[in-house]
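A.B. asks: In order, the protein sequences belong to chains A and B. Residue 42 is where the first sequence starts when you use the working numbering, and the numbers rise one by one after that. Residue -2 is where the second sequence starts when you use the working numbering, and the numbers rise one by one after that.
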Amino acid sequence: MDHMSPLERILRAVALALVVLFFMFPIFWIVLMSLQTNETILRSPPSMAFVPTFKNYAAIIAGRLDSNVASMSIQFMGNLMNSVILSVGSVALALVLGVPAAYAFARHKFKGSEDIAFTLLSFRFAPPLLVLLPLTLYFQSLGLANTYVGLIWVYQLICLPLILWIVRGYFEDISPDIEHAYRIAGHGWFATFRKIALPLAGPGIAAAGLLAFIFAWNNFVFALVLASADKQPVTVGALAFVTASGIQYGQIAAAIVMSIAPTLLLALWAQKYLVEGLSLGAVKG
Amino acid sequence: MSVQADMPVMRRSSRLSRTMLPYLLSLPALLVCIGILIPFGTAVYYSLQRYRMSQPWNRGMNWGENYLNFFTDPDFWNTLQVSLTYAGLTVVLELLLGLGIALLLQKRSRVNNFVSIMLLMPLMTAPALAALMFKLMTNSNFGILSYFMQLAGFQDFRWASSPDTALLTVILVDVWVYTPFIMILLLAGLRSLPTQPFEAAALDGVPRLEQFWRITLPMLSPYILTAALFRLLDSIQQFDIIYAMTQGGPGDKLMVFQVEAYLNFFQSTNVGRSAALLMILWAITYVLSNIFVKNWLRLRERARGEA
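Here it is in structure tokens:
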């Protein structure tokens, strides 16, 4: 299989370079834009020769946009904080709810267990607006409209199925004999769960939690429908920012970079776990 | 399953608590389940009503009328057509590109591993933010992609603001974000294929192209099918990219199901029509997801068996 002609080698290298260029260029370009003033961004033809400036980032962190016309205050840091609260909160809740359920589904085939598991999985594939639009009306009467609690609960739509189905696979892979042995030695089910099952499924739980965090962070539609400005995460906040600030392109780019940086860095840091989770359990890393 | 917890030595727990345990463990998840099924039921109910928030006095059951109206509603057929075109084109393009890239990266080497890690980045970018990135890059004043188009001889290529190229622009964003997903799944598939058939074919002097058509592709087909179905399910419901890019415009060029339903609900406040639209989308995804889950579980079982 390894006999490649020189021509094929070159063609492959060119193709690979094109692939990298296509997928990396937008990120590269946005980072460049975020380091420029509006003057250099608007130059024609575009050029990569400029003196980098961190003024855009400073303006966003300080929350003030100053242009020669006027100055306006923005709360993008608030959006960033909301993203952290919503993503961390949803993943934590999904782990607390999902891991015990995953264990139950993996270890005890009880009446209706498959039905519940499939219903939860089907939420992942149903159109989110189908649930969200009626919820806007319910949330108002329940007092959950525009609260973190309400949003975190809705985020379970994406986080819980993910945790349940990935972690369940890991629990099923643990040989029940190990648990039997531990229980015969006189330990209760909870000790067995905590001391045996949880540590053995640890990598799977980490992978599922990581993926759930990224999906929660990247979610757009839940908060667009259910949150007002003060509770919106970066995905919705960035869109509002574009509409509001119009032509402050450098700052828009900086805001986008700050919004995508957390998930990108997380992905680079934990790529092995991610690949395992993303390939839908079709590969064991 | 061989995992029944009927053990002879069980001291502290009574039989009752043993049978209740799995229910107790899954109860919280079950409650969330029910909490989500209620709004779903509400949506079904709304879809059978004449319900505009602007005309509360006029509200009432009209049973299947919202659905029947779709047959003679050109906007509905436009929505269906745009959604199917978008889903079809993105999935086909992403499959071809993803398969191509997976084949390029199949051999484990430093460069290939590095590239496959790099390709995770678009997939980790929020689709709504990816759309904003491309919006900046296709801005007619300073966008780098508009500049490239100028160099290529297209003087006034207006990307998402032109009815002719709007679909192409959002498809480009979708391809950028999601091709890596298909690539990852197919790469995992390629690397898990047994080597013997290829060795045998090589010994018999079977040309490489024929090996690809006769061996690689058939053996990879369960992975291709799973990836395609999964993307199709997501793509037919695409909202983030399209809403962030043009909110369904220009005109109704990009009015896919969820964008149309969102605007129906919040702008024209036609709750009944919005719910009925989403029910139709749900029916489509329900069928697709059942096929998907069957394929996926089979694939997962196989991967387990080999591991």
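Even for Gly, the Cβ is constructed at its ideal location relative to N, Cα and C. Note that this is a predicted model, so its numbers are computed, not measured.
Which complete alpha helix (DSSP H) runs does the segment 14 to 85 of chain B hold, if anything under 4 residues is left out?
C.D. replies: Taking only runs of at least 4 residues, the alpha helix (DSSP H) segments lying wholly in the segment 14 to 85 of chain B are 62 to 68.
A.B. asks: Would DSSP call A/Leu76 helix, strand or coil?
C.D. replies: On the first sequence, residue 76 of chain A is found 35 positions in, with the first residue counted as 1. Coil.
A.B. asks: Can the beta-carbon of B/Leu86 be found closer than 9 angstroms to that of B/Leu182?
C.D. replies: Against the second sequence, residue 86 of chain B aligns to sequence position 89. Against the second sequence, residue 182 of chain B aligns to sequence position 185. For B/Leu86 and B/Leu182, no; Cβs fall outside 9 angstroms.
A.B. asks: Can you find a CB in chain A that lies within less than 9 angstroms of the CB of B/Ser137?
C.D. replies: As a working note, residue 137 of chain B is residue 140 in the second sequence. Answer no: the Cβ-Cβ gap between B/Ser137 and chain A never drops below 9 angstroms.
A.B. asks: Taking 6 angstroms as the limit between beta carbons, can you name the residues of its chain near B/Asn267, skipping five residues before and five after?
C.D. replies: Stepping through the second sequence from its first residue, residue 267 of chain B is reached at position 270. If we look at B/Asn267 and ignore the five residues flanking it on each side, its Cβ neighbours are Arg49 and Asn261.
A.B. asks: For B/Trp279, decide whether its Cβ has a neighbour in chain A, counting only Cβ atoms nearer than 9 angstroms.
C.D. replies: Along the second sequence, one-based indexing puts residue 279 of chain B at 282. Yes, its Cβ sits closer than 9 angstroms to a Cβ of chain A.
A.B. asks: Restricting to Cα atoms, I'd like to know which of A/Ile102, A/Pro87, A/Met113 and A/Thr94 is closest to A/Ser286.
C.D. replies: Position 245 of the first sequence, counted from the start, is the residue given in the question as residue 286 of chain A. Taking only the C-alpha atoms, the option nearest A/Ser286 is A/Met113.
A.B. asks: Am I right that B/Pro194 and B/Ile168 are in contact with their C-beta atoms under 8 angstroms? What's the rounded C-beta distance?
C.D. replies: Position 197 of the second sequence, counted from the first residue, corresponds to residue 194 of chain B. Position 171 of the second sequence, counted from the first residue, corresponds to residue 168 of chain B. 36 angstroms between Cβ atoms; not a contact.
A.B. asks: In terms of residues, what are the limits of the alpha helix (DSSP H) holding A/Arg224?
C.D. replies: Sequence index remark: in the first sequence, residue 224 of chain A carries index 183 (1-based). Unbroken alpha helix (DSSP H) run through A/Arg224: Pro217 to Ile225.
A.B. asks: Is DSSP giving B/Ser271 helix, strand or coil here?
C.D. replies: Translated into the one-based positions of the second sequence, residue 271 of chain B becomes position 274. Looking at B/Ser271 - three-state DSSP - the assignment turns out to be helix.
A.B. asks: Are the beta-carbon atoms of A/Thr276 and A/Ser124 separated by less than 9 angstroms?
C.D. replies: As a working note, residue 276 of chain A is residue 235 in the first sequence. As a working note, residue 124 of chain A is residue 83 in the first sequence. For A/Thr276 and A/Ser124, yes; Cβs fall inside 9 angstroms.
A.B. asks: Would you give the residue range spanned by the alpha helix (DSSP H) that A/Gly184 belongs to?
C.D. replies: Stepping through the first sequence from its first residue, residue 184 of chain A is reached at position 143. First-last for A/Gly184: undefined, no H or E at that position.
A.B. asks: Note down, in chain order, every chain B residue with its Cβ under 9 angstroms from the Cβ of A/Asn259.
C.D. replies: On the first sequence, residue 259 of chain A is found 218 positions in, with the first residue counted as 1. Under the 9 angstroms cutoff, chain B gives Met121, Thr122, Ala123, Pro124, Ala125, Leu126 and Asp237.
A.B. asks: Measuring only between beta-carbons, confirm whether A/Phe117 sits less than 9 angstroms from chain B.
C.D. replies: Residue 117 of chain A sits at position 76 when you count from the first residue of the first sequence. Taking Cβ atoms only, chain B never reaches closer than 9 angstroms to A/Phe117, which makes this a no.
A.B. asks: Just how far apart, CA to CA, sit B/Tyr240 and B/Leu126?
C.D. replies: Within the second sequence, the letter at position 243 stands for residue 240 of chain B. Within the second sequence, the letter at position 129 stands for residue 126 of chain B. The alpha-carbon atoms of B/Tyr240 and B/Leu126 are separated by roughly 11 angstroms.
A.B. asks: Going along the chain, which residues of its own chain have a beta-carbon closer than 6 angstroms to the beta-carbon of A/Pro217, five neighbours each way excluded?
C.D. replies: Indexing the first sequence from 1 puts residue 217 of chain A at position 176. Answer for A/Pro217: no residue qualifies.
A.B. asks: Using a Cβ-Cβ distance under 9 angstroms, would A/Val132 count as near chain B?
C.D. replies: Indexing the first sequence from 1 puts residue 132 of chain A at position 91. Taking Cβ atoms only, chain B never reaches closer than 9 angstroms to A/Val132, which makes this a no.
A.B. asks: What three-state label does DSSP hand B/Pro5 in the structure shown?
C.D. replies: Taking the first residue of the second sequence as 1, we reach residue 5 of chain B at position 8. Confidence is the limiting factor: at B/Pro5 the pLDDT is only 44, short of 50, which leaves the residue's position unreliable, though a coordinate-based value still follows. B/Pro5 falls in the coil class under three-state DSSP.
A.B. asks: Can you tell me where the alpha helix (DSSP H) with A/Trp194 in it begins and where it stops?
C.D. replies: Position 153 of the first sequence holds residue 194 of chain A. Unbroken alpha helix (DSSP H) run through A/Trp194: Tyr189 to Asp214.
A.B. asks: Taking B/Leu22 as the query, report the chain A residues whose CB atoms sit under 7 angstroms from its CB, ordered along the chain.
C.D. replies: Working through the second sequence from its first residue, we reach residue 22 of chain B at position 25. Under the 7 angstroms cutoff, chain A gives Pro141, Ala142, Tyr144 and Ala145.
A.B. asks: To be precise: take each residue of the segment 39 to 66 of chain B, compare its Cβ to all Cβ atoms of chain A, and keep it if any distance is under 8 angstroms. Which residues remain?
C.D. replies: Correct list: Thr39, Ala40 and Tyr43.
A.B. asks: Is there at least one Cβ from chain B nearer than 9 angstroms to A/Arg105's Cβ?
C.D. replies: As a first step, residue 105 of chain A must be located in the first sequence, where it is residue number 64. No, no contact with chain B.
A.B. asks: What does a CB cutoff of less than 7 angstroms around A/Ala242 pick up in its chain, not counting 5 residues either side in sequence?
C.D. replies: As a first step, residue 242 of chain A must be located in the first sequence, where it is residue number 201. Excluding residues within five positions, the ones whose Cβ falls inside 7 angstroms are Val208, Tyr211, Phe212 and Ile215.
A.B. asks: Indicate whether A/Leu138 and A/Leu59 have their beta-carbon atoms separated by less than 9 angstroms.
C.D. replies: Locating residue 138 of chain A in the first sequence gives position 97, counting from the first residue. Locating residue 59 of chain A in the first sequence gives position 18, counting from the first residue. No; because the gap between Cβ atoms is not below 9 angstroms, this pair is not in contact.
A.B. asks: In the DSSP assignment, what residue or residues form a beta bridge with A/Arg105?
C.D. replies: Mapped onto the first sequence, residue 105 of chain A falls at position 64. In DSSP, A/Arg105 forms a bridge with A/Ser114.
A.B. asks: DSSP three-state label for A/Ser154, please.
C.D. replies: Counting from 1 along the first sequence, the entry for residue 154 of chain A is found at position 113. Helix.
A.B. asks: Within the continuous alpha helix (DSSP H) that includes A/Phe256, where are the two ends?
C.D. replies: Position 215 of the first sequence, counted from the first residue, corresponds to residue 256 of chain A. Element bounds for A/Phe256: Gly243 to Asn259.
A.B. asks: For B/Ser44 versus B/Met252, is the C-beta distance shorter than 9 angstroms?
C.D. replies: Walking along the second sequence from the start, residue 44 of chain B turns up at place 47. Walking along the second sequence from the start, residue 252 of chain B turns up at place 255. Cβ atoms of B/Ser44 and B/Met252: not closer than 9 angstroms.
A.B. asks: Should the segment 65 to 80 of chain B be called in touch with the segment 142 to 151 of chain B, which here means at least 3 C-beta pairs below 8 angstroms?
C.D. replies: The answer is no - the segment 142 to 151 of chain B does not touch the segment 65 to 80 of chain B, with fewer than three Cβ pairs under 8 angstroms.
A.B. asks: Please state whether DSSP places A/Met122 in a helix, a strand or coil.
C.D. replies: By 1-based counting over the first sequence, the position of residue 122 of chain A is 81. Helix.
A.B. asks: Does B/Leu217 pass the burial test, meaning 16 or more other C-beta atoms within 10 Å, or should it be called exposed?
C.D. replies: Translated into positions along the second sequence, residue 217 of chain B becomes position 220. Burial call: buried.
A.B. asks: So, does the segment 50 to 68 of chain B touch the segment 197 to 214 of chain B, judging by three or more C-beta pairs under 8 angstroms?
C.D. replies: No, they do not touch.
A.B. asks: For the candidate residues A/Ala270, A/Ser300 and A/Ala311, whose alpha-carbon lies nearest to that of A/Tyr98?
C.D. replies: Your numbering for residue 98 of chain A matches position 57 in the first sequence. It is A/Ser300.
A.B. asks: How far does the alpha helix (DSSP H) with A/Val277 in it extend, from its first residue to its last?
C.D. replies: The residue given as residue 277 of chain A occupies position 236 in the first sequence. Element bounds for A/Val277: Val275 to Ser286.
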